[in-house]
Each structure stands twice: as structure tokens, then as C-alpha cells.
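**Student:** Please read through the structure below; I'll follow up with questions.
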Amino acid sequence: MSNDILLPPLPYADNALAPVISANTISFHYGKHHKGYVENLNKLIAGTEFAAFPLEKIITETAGKADKTAIFNNAAQAWNHTFYWNSLKPKGGGEVPAALKQRIEASFGTLDACKKELAAMAMSQFGSGWVWIVLDGGKLKVVKTSNADMPLTMGMKPLLTIDVWEHAYYLDYQNRRADYVNTVLDKLINWGFAASNLKSS
Ligand code: MN
């Protein structure tokens, strides 16, 4: 019995994040990159034991296995992108729900310090990858991962992410990754999504 892994619909219209992220970027990022990872994954798992697994189980079962790298990369990228779309929203940024804000202040001192650490982590990621706020042993942390790597395979619970692959920002910001990350943090980040992930942990 096999279940195709599906490409979830975007949680907003393709132009809803403009001008911070243009409809043109979304059309490539969601319509080509994310869709491509899902399509590649379905081809790679067809006829294998993984065809019957939900996406998260495909990721945890293939992580760190040299002969399963292609499946892991496409599965993790499929998951990471869905998580990224949910980490953004039109008219985001702004107020952080109280319970999350308390946890952020306990771990980072201030919300601003947390945002600065995220931006600095994004700048220090050499090449393609992701920055995350995670829950790790009861404490909130900012971490970065390379390429398709993600926190679930490292025993950490992701609360939100920002994609720092060039395809996420190059059409709109060219090489200015810091401008992209800081503008996303101020105008699009979905603190409510992070709060709901914290609550479900
Ligand atoms: Mn991406």
C-alpha cells in the first residue's frame, strides 16, 4: 500500500507576502523547488518500504544513512518548506503571544536579542541551509542546519524556521541575505505558529 506524499497548498495567496517576498519568488520557490522535492521523493520511494510511511518517519528512518541520502534530502526539504510557509504570514512580525514571549525572554533576555541571534546565525550559515528557533531540553535555542538537515533528527523540536538557501531571496534581495532575514523577522514571521508549536510540545 503506498501513499503519495502530497504538496500542501500554500497557506496564503502567492502575492500575499509581497513586497517582502514577491509573487515571482514564491512562484519559483513553492511552484518549482518545493514541488520538485515532493515529486522527486515520490519517485525515489515508489516500490520501497518508505512508500507506506508518513513524511516524518521517512525523514527519521533515512537520516544519517549514506545509502539513503537522496530520499532523506528530498523528504526533509519537503517537510522544511511546508514548515517555512507556515512560519510566515502576511502582516506578520509584531506582537509575540505572551506564553512564547516569556520563554523567549527566559532564554535570550529580550525578543530583540532573539531576533538578533537569528539574523546573526543566518549570516553565519555558509552556503545553503536553514535557521530555526527550537525547543531543546526545555530551553529555547537558535540553531542553523545545512542543506536539508533539520532539528527533528537531532532530538530538538522546531518552533519556526527561515529558509536561507539563495533561492529563497535572490530574486528579491540578490546577495543581501541580512536584508531578507531582518525584513522577514519584522514583517512576516508568524509568532503565533511558533507559539502553537511550543504549546503542542
Ligand atoms: Mn527553499
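Residue numbers (the working numbering): -7 to 193.
The C-beta atom is built at its ideal place from N, Cα and C for all residues, glycine as well.
1. When you measure from the CB of Trp77 to every non-hydrogen atom of the ligand MN, does any distance come out below 7 Å?
2. Which residue's Cα is closest to the Cα of Val12: Val156, Tyr172 and Ser188?
3. Contact check, Pro89 vs Ala187 under 8 Å by CB: the rounded distance?
4. Rounded to a whole number of angstroms, what is the C-alpha to C-alpha distance between Ala10 and Gly121?
5. Could you name the residues, in chain order, whose CB is less than 6 Å away from a heavy atom belonging to the ligand MN?
6. Please report the distance separating the alpha-carbon of Pro0 from that of Gly129.
7. Helix, strand or coil for Asp141? Go by DSSP, reduced to three states.
8. I'd like to know if the stretch 63 to 70 and the stretch 91 to 105 are in contact, where contact means that at least 3 CB-CB pairs between them fall below 8 Å.
9. Does the contact criterion of 3 or more C-beta pairs under 8 Å hold for the stretch 48 to 67 versus the stretch 110 to 127?
10. Might you give, ordered along the chain, the residues of its own chain that have their beta carbon closer than 7 Å to the beta carbon of Met(-7), omitting 5 neighbours on each side?
11. Report yes if the C-beta distance between Ala160 and Ala111 is below 8 Å; otherwise report no.
12. Indicate the three-state DSSP secondary structure (helix, strand or coil) for Gly121 in the structure shown.
13. Could you spell out where the alpha helix (DSSP H) holding Thr175 opens and where it closes?
14. Going by C-alpha distance, which of Met148, Phe42, Trp157 and Tyr165 is nearest Ser193?
15. So, helix, strand or coil for Asp155, using DSSP?
**Tutor:** The answer reads as follows:
1. Taking the sequence shown and counting its residues from 1, one reaches residue 77 at position 85. No, the beta carbon of Trp77 sits no closer than 7 Å to any heavy atom of the ligand MN.
2. Sequence index remark: in the sequence shown, residue 12 carries index 20 (1-based). Out of Val156, Tyr172 and Ser188, Tyr172 has the C-alpha closest to the C-alpha of Val12.
3. Mapped onto the sequence shown, residue 89 falls at position 97. Mapped onto the sequence shown, residue 187 falls at position 195. Contact flag correct, Cβ pair sits at about 4 Å.
4. Here residue 10 refers to the residue found at position 18 when the sequence shown is read from its first residue. Here residue 121 refers to the residue found at position 129 when the sequence shown is read from its first residue. Taking the straight line from one Cα to the other gives about 23 Å.
5. His21, His25, His73, Asp155, Trp157, His159 and Ala160
6. In the sequence shown, the residue the question calls residue 0 occupies position 8. In the sequence shown, the residue the question calls residue 129 occupies position 137. Their backbone Cα atoms lie some 30 Å apart in a straight line.
7. For the purposes of this step, residue 141 is identified with residue 149 of the sequence shown, where counting begins at 1. Coil at Asp141, not helix or strand.
8. no
9. no
10. The residue given as residue -7 occupies position 1 in the sequence shown. Because Met(-7) carries a pLDDT of 48, less than 50, the predicted location of this residue cannot be relied on, and no value is offered for it.
11. Start at 1 with the first residue of the sequence shown, and residue 160 comes out as number 168. Start at 1 with the first residue of the sequence shown, and residue 111 comes out as number 119. No, the pair does not count as a contact, with Cβ atoms beyond the cut-off.
12. As a first step, residue 121 is located in the sequence shown; it is residue number 129 there, counting from the start. Reduced to three states, the DSSP call for Gly121 is strand.
13. Mapped onto the sequence shown, residue 175 falls at position 183. Start and end: Arg169 to Lys179.
14. By one-based count along the sequence shown, residue 193 stands at place 201. Ranking Met148, Phe42, Trp157 and Tyr165 by Cα distance to Ser193 puts Met148 first.
15. Stepping through the sequence shown from its first residue, residue 155 is reached at position 163. Looking at Asp155 - three-state DSSP - the assignment turns out to be strand.
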